[in-house]
Amino acid sequence: MKQLNREFEIAIKKALAGAQNRGDLPVFDIPRIPASPPKRSSQGDLSYPAMALAKAARMSPLEIAKLIAAGLPKLDFVETIEVAPPGFVNCFLSRDYLRRQVDTIIAAGEGFGRLEIGACKTAQVEFVSANPSGPITIGHTRGAVVGDAMARLLEAAGYTVQREYYYNNAGNQMILLGKSLELRYRQQLGESVDLAPDHYHGDYLVEVAAALVAEHGEGLRDKGWETFKQAAESRMFDWIKRSLASIDIKHDAFYNETSLFEDERIWQALAAMRGNGHIYEAAYWEGADAAEIADVKAKDYLPATWFRSTSFGDEKDRVMVKSDGAPTYTLPDIAYHAHKLERGFDIAVNVLGSDHFSQAQVVRCGLMALGLDPTPIHVIFNQMVRAVRWSAELGEYEAVKQSKRAGDFDTLDDLVEMTSADAVRYHMLARSPNSQLDFDVDKVVRQSNENPVYYIQNAYVRCAGIFREAEERGFSDAGADLSELGEDELCFIRKALELGNVIEQAVASFEPHKIAFFAHELAALFHPIYDRVRVLHSEVPAGAAKARLRFYRAAAVVFQRLLRLMGMSAPERM
RNA sequence: GCCUCUGUAGCUCAGUGGACAGAGCAGCGGUCUUCUAAACCGUUGGUCGCAGGUUCGAGUCCUGCCAGGGGCGCCA
4 MKQLNREFEI AIKKALAGAQ NRGDLPVFDI PRIPASPPKR SSQGDLSYPA
54 MALAKAARMS PLEIAKLIAA GLPKLDFVET IEVAPPGFVN CFLSRDYLRR
104 QVDTIIAAGE GFGRLEIGAC KTAQVEFVSA NPSGPITIGH TRGAVVGDAM
154 ARLLEAAGYT VQREYYYNNA GNQMILLGKS LELRYRQQLG ESVDLAPDHY
204 HGDYLVEVAA ALVAEHGEGL RDKGWETFKQ AAESRMFDWI KRSLASIDIK
254 HDAFYNETSL FEDERIWQAL AAMRGNGHIY EAAYWEGADA AEIADVKAKD
304 YLPATWFRST SFGDEKDRVM VKSDGAPTYT LPDIAYHAHK LERGFDIAVN
354 VLGSDHFSQA QVVRCGLMAL GLDPTPIHVI FNQMVRAVRW SAELGEYEAV
404 KQSKRAGDFD TLDDLVEMTS ADAVRYHMLA RSPNSQLDFD VDKVVRQSNE
454 NPVYYIQNAY VRCAGIFREA EERGFSDAGA DLSELGEDEL CFIRKALELG
504 NVIEQAVASF EPHKIAFFAH ELAALFHPIY DRVRVLHSEV PAGAAKARLR
554 FYRAAAVVFQ RLLRLMGMSA PERM
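Quick note: the first sequence uses the working numbering, first residue 4, plus one each step.
See the structure below:
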């Protein structure tokens with residue numbers, strides 16, 4: 004698709020260069036100033052602020068704007084150019100061009116809004132990455148939705164995208180999970196054993212234990228915790244994948260921590276960091292104060308292996324290998340990201356919770372210590388999300404209990420069951436990642452009739468309704484004359500053409516929520532038009548009806564595209 | 001204490017340094033004999049947390065405060 008603002012900017016640059024050649028404008032480097040849609044339609048469809056050039060040109064902005072307007076090459080999409088104080092060049096799109104876009108959109112179909120900026124480039128999105136120690140929670144869900152939307156937007160921008168899930172299965176936590184399952188299994192066999200406080204107490208392990216008994220009877224009694232760890236990991240992953248699939252999320256690759264031990268990447272990374280002089284052995288880190296040293300002495304630690312991350316701006320050095328010889332979580336994390344960089348993605352997006360902020364900084368330091376350039380990696384930090392409900396007693400919102408039990412809305416499965424996959428996707432997406440999110444369970448359920456989710460989907464449903472009715476009446480848009488379209492329809496097309504720019508911005512700023520707001524704005528533009536612009540109405544002449552039917556076909560394409568970009572369904576009826 | 005995110009209408013939130021700050025809920029008043037009204041039309045509502053600064057221009061950038069969330073582990 005043609006990006007009109009880009010073409011407009013290029014034309015302006017030509018006009019400015021022309022003015023410079025003629026000596027009407029002093030010679031200076033012309034900076035890239037974006038043209039954007041103004042807030043008011045009376046100010047046109049694209050606006051360029053020449054004020055930004057006034058200083059370099061040492062001319063009044065209004066004069067520069069006039070020079071641009073006079074020297075602008077002919078553009079097929081422009082109807083008129085206006086100059087407005089203090090120095091705007093405003094472009095009005097031609098009606099003829101807009102009318103032609105109706106067929107262009109229909110022809111583009113699923114590819115509408117697709118860009119070339121990522122052509123021949125690869126991108127990776129790593130998201131969810133929850134350890135397989137339990138179900139997907141509401142917190143993971145935000146990362147899942149944001150990451151998948153980011154991947155879809157990158158695809159729309161032309162990138163070849165890989166969706167990856169990284170998980171830690173080598174540390175203590177998975178061992179505890181295995182031991183917890185072993186105890187649950189023995190309980191199922193009638194043994195009187197108790198879980199320790201640091202074991203996993205969730206009921207779901209009881210169910211897994213029961214399943215193991217049903218399958219193997221007492222056969223696993225003396226197999227040891229390794230067997231149970233394996234069983235737990237595999238069962239948890241089946242569950243996680245099923246949950247994610249319920250909101251249309253599927254990863255291309257799963258990358259686990261254990262493999263980094265098997266292929267020795269973590270030891271290679273450590274050796275390389277050591278070779279670069281960033282590793283040392285000590286009981287406490289080099290900058291430790293008296294309190295920290297006293298603390299270490301109290302714990303009676305043997306020397307550990309430290310990474311001098313302070314060399315790269317960290318606030319303190321970090322342990323890579325604990326005094327018991329086991330690596331911390333950080334070392335494999337560094338090795339994993341090093342491998343990610345080696346794989347050569349042009350962009351590698353990492354979707355993390357904001358509680359991982361410090362960890363991500365350390366990994367970044369680690370990559371630099373390896374002599375790698377971390378710039379291809381971009382991290383989206385999602386702020387915390389919690390399920391809340393209104394408490395009449397307290398007179399304020401109250402967090403839903405963080406229980407793993409069904410019905411407490413803490414898991415993705417519960418959320419989907421109580422609302423819908425589409426509602427979960429929309430509400431998790433329609434917020435800046437930088438904002439905390441309170442997912443109001445009751446509201447999404449109770450007020451579902453006035454939900455933006457259905458407001459957007461209904462736009463598509465209404466189009467589908469027209470098509471059904473038209474088919475029944477044997478009415479078609481064959482031979483439609485699009486000059487019959489009115490201002491309302493063209494207004495919608497104008498806005499729809501901004502999709503490419505929205506995708507570009509969302510990708511450039513790593514803010515997939517922009518697409519959700521755009522979809523809502525477009526739906527808000529659509530519904531009043533639907534009311535006014537009838538197709539199958541006795542008073543509508545056949546010619547106009549044909550053109551309008553064609554228009555609604557384009558609108559349906561646009562909404563279907565938007566819903567797919569958000570991972571939502573486009574229902575024919577509601 | 002240090003790092004980081006947030007503070008915009010009664011509520012939930014948008015707002016690439018540009019023109020007069022927007023939307024949805026909630027409130028008030030209207031609209032279905034013709035493609036499903038999960039919709040539409042009208043209307044009320046703002047010292048953009050506070051104070052400075054940069055700029056032709058600041059809700060947006062910088063500094064300092066105030067308030068709230070998250071992080072600062074030989075856990076993952």
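All C-beta atoms, glycine included, are put in the ideal place defined by N, C-alpha and C.
In the same chain as residue 299, and ignoring 5 residues on each side of it, the C-beta atoms closer than 6 Å to its own belong to 286 and 287, in chain order. Residue pairing for residue 52: DSSP places it in a beta bridge opposite 91. If you compare the alpha carbons of 490, 380 and 303 with that of residue 341, the shortest gap goes to 380.
In terms of Cβ geometry, residue 337 and residue 369 form a close pair [threshold 8 Å]. Between residue 537 and residue 548, the alpha-carbon positions lie close to 8 Å from each other. With contacts defined by Cβ atoms closer than 8 Å, residue 554 and residue 105 form a contacting pair. The DSSP-derived three-state label of residue 323 is strand. According to the DSSP assignment, residue 220 belongs to no alpha helix (DSSP H), since it is labelled neither H nor E. With respect to the C-alpha of residue 123, the residue from 482, 472, 140 and 349 having the closest C-alpha is 349.
Taking the Cα positions, residue 127 is about 34 Å away from residue 527. When the alpha-carbon of residue 319 is set against those of 344, 247, 345 and 365, the nearest one is in 365.
The three-state secondary structure of residue 437, taken from DSSP, is coil. Residue 439 counts as exposed, since fewer than 16 other beta carbons sit within 10 angstroms of its beta carbon. Residues 440 and 516 of the same chain have their beta carbon placed closer than 7 Å to that of residue 434, with the five preceding and five following residues left out of the count. Leaving aside the five residues that flank residue 46 on each side, the residues in its chain whose CB is nearer than 6 Å to its CB run, in chain order, 93. Two segments are said to touch when three or more pairs of C-beta atoms, one from each, lie closer than 8 Å; by this definition the stretch 128-136 does not touch the stretch 105-114. DSSP places residue 166 in no alpha helix (DSSP H) but in the uninterrupted beta strand (DSSP E) bounded by 163-170. Residue 332 counts as exposed, since fewer than 16 other beta carbons sit within 10 angstroms of its beta carbon. Under the DSSP assignment, residue 307 falls in the beta strand (DSSP E) whose first and last residues are 307-310.
Rounded to the nearest angstrom, the gap between the Cα atoms of residue 90 and residue 27 is 17 Å. Taking 4 residues as the minimum length, the alpha helix (DSSP H) runs contained wholly in the stretch 493-538 are 502-512 and 516-535, in order along the chain. Rounded to whole angstroms, residue 266 and residue 253 show a C-alpha spacing of 26 Å. Residue 240 is not a Cβ neighbour of residue 184, given a cutoff of 8 Å.
When secondary structure is reduced to three states using DSSP, residue 541 falls in the coil class, being assigned neither helix nor strand.
The alpha-carbon of residue 492 is positioned some 16 Å away from that of residue 539. Here DSSP, grouped into helix, strand and coil, assigns residue 21 to helix.
Taking a 10 Å sphere around the C-beta of residue 360, we find fewer than 16 other C-beta atoms and assign the residue as exposed. Under the DSSP assignment, residue 366 falls in the alpha helix (DSSP H) whose first and last residues are 360-372. The C-beta of residue 58 has fewer than 16 other C-beta atoms within 10 Å across all chains shown, which makes the residue exposed. Going by DSSP, residue 259 is part of the beta strand (DSSP E) stretching over 256-259. Of the residues 560, 562, 518 and 535, the one whose Cα lies closest to the Cα of residue 149 is 518. For residue 134, there is no enclosing alpha helix (DSSP H), since its DSSP letter is neither H nor E. In the DSSP assignment, residue 143 falls within the alpha helix (DSSP H) that extends over 141-159. The DSSP-derived three-state label of residue 114 is helix. A residue is called buried once 16 or more other Cβ atoms fall within 10 Å of its Cβ, and residue 31, having fewer, is exposed. Secondary structure note for residue 282: it is in no alpha helix (DSSP H), and the uninterrupted beta strand (DSSP E) holding it is 282-285.
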